[in-house]
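Just so you know, our numbering puts 190 at position 190 of the sequence shown, and the rest follows in order with no gaps. Where is the CB? At the ideal position from N, CA and C, for every residue including glycine. Computed from a prediction, not measured in an experiment: that's the story for all the values here. Right, one structure below, let's go through it.
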Amino acid sequence: PGHGGEDPGAIGASGAREKDIVLSVAKRLKAKLEALPNTRVMLTRDGDYFVPLGQRVQKARKVQADLFVSIHADAWISPTARGSSVFVLSEKGASSSAARWLANDQNKADLVGGANFATQDKQIASVLFDLSTTAQINDSLKLGKAVLSEIGGINRLHKASVEQAGFAVLKAPDIPSILVETAFISNPDEEARLKDDGYQNQLADAIAKGIKRYFADNPPMAKSRQT
């Protein structure tokens, strides 16, 4: 779940905070995935506290995660913007100016939380795009398409295809990673839906189904994991 602690993320017109909504969706998603056989889920944060972007990636790599999902509910300059989106990392620039703007905005989260870039893992600061990263992006696109397809069943899509940009939180070179924009909290109608328990459950269900579809076609490789 994105944001947390002193970083509230985006705030809707009626006061809903992105950090609270995405934590709730993430906890619902965790419960749904852990009901599946042989599935273990770890949250980058399980409460209201700040976790730097680089540390989120490190947490995922430390447990040798098979995939990484970052959950958001962002704002846009216009309150009429609506719909869900899925993003993956890009090695050739952003797929649209909106994707570039959003990545830049998300990457500023560490400044809000007071993280010191100088102490961040050098590998996260400047990922070398080698063959493993290209493979990661290809797998991330497959995961993103599966999740976007399922979310399209419960909400209008902001873009019909997976978008790409330089999100710092998606830069684990060896883990398929996606960023899910559940809806625009800046849109009053979508903010109301995001606050609804039933809709949060639908979102978690759709993401879980997408992940299940991805693993059906791309089974995780056996790894000797740290416990």
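The Cβ atoms of Val180 and His3 lie no closer than 9 Å to each other.
Annotated three-state conformation of Glu91 is coil, per DSSP. Beta-bridge partners of Leu67 (DSSP): none assigned. One alpha carbon belongs to Ala65, the other to Pro219, and they sit about 13 Å apart. Annotated three-state conformation of Asp46 is coil, per DSSP. In the DSSP assignment, Ser177 is bridged to Phe68.
In this structure Pro1 is buried. Its beta-carbon is surrounded by 16 or more other beta-carbon atoms within 10 angstroms. Of Lys108, Met221, Ile211, the smallest CA-CA separation from Leu33 is found for Ile211.
Its Cα nearest to that of Leu43, the residue Val63 stands out among Leu148, Ala35, Val63, Glu18.
DSSP places Ala26 inside the alpha helix (DSSP H), whose first and last residues are 18-34.
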